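Just so you know, the sequence shown maps onto residues 0 to 92 in numbering that gives the first Met the number 0.
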Amino acid sequence: MSESRGAPIPSDPGQDELRHFMDVPLEISVELGQCLMKVRDILQLQPESIIALSKSAGENVDVLMNERLIAFGEVLELEGCTGIRLTDLNNPS
């Protein structure tokens, strides 16, 4: 009976390859909304100016990883800080 002395075969080869990348930092950002503004309006912006965004209060926000949409969430206050509760994951087809 011969015995194999190679490396153990991982249960999921793709998962084993990913372990090398588990500590790589990725930028996560949350998009609260967008708007179009004319240059003349941008030049008139001052402290305390208000910019109306495309999303209403309480509406889901987009969660992006390296500028790609990965999830949706709702804004909440968490111990004096702003946080996001994920409501849905984006599954691109």
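From the three backbone atoms N, C-alpha and C, an ideal C-beta is built for every residue, glycine too.
Model, not experiment: these values are computed from the prediction.
Here glycine 72 is bridged, per DSSP, to Val60 and Leu85. With fewer than 16 other Cβ atoms inside 10 Å of its own Cβ, alanine 51 counts as exposed.
Beta-bridge annotation (DSSP): leucine 77 is paired with Cys80. DSSP, reduced to helix, strand and coil, places isoleucine 41 within a helical segment of the structure shown.
Under the three-state reduction of DSSP output, glutamate 66 falls in the coil class, being neither helix nor strand.
Approximately 6 Å separates the beta-carbon atoms of glutamate 26 and asparagine 65; this is inside 8 Å, confirming the contact. Under the 8 Å Cβ criterion, the stretch 44–63 counts as touching the stretch 29–36, having at least three qualifying pairs. Under the DSSP assignment, glutamate 30 falls in the beta strand (DSSP E) whose first and last residues are 27–30.
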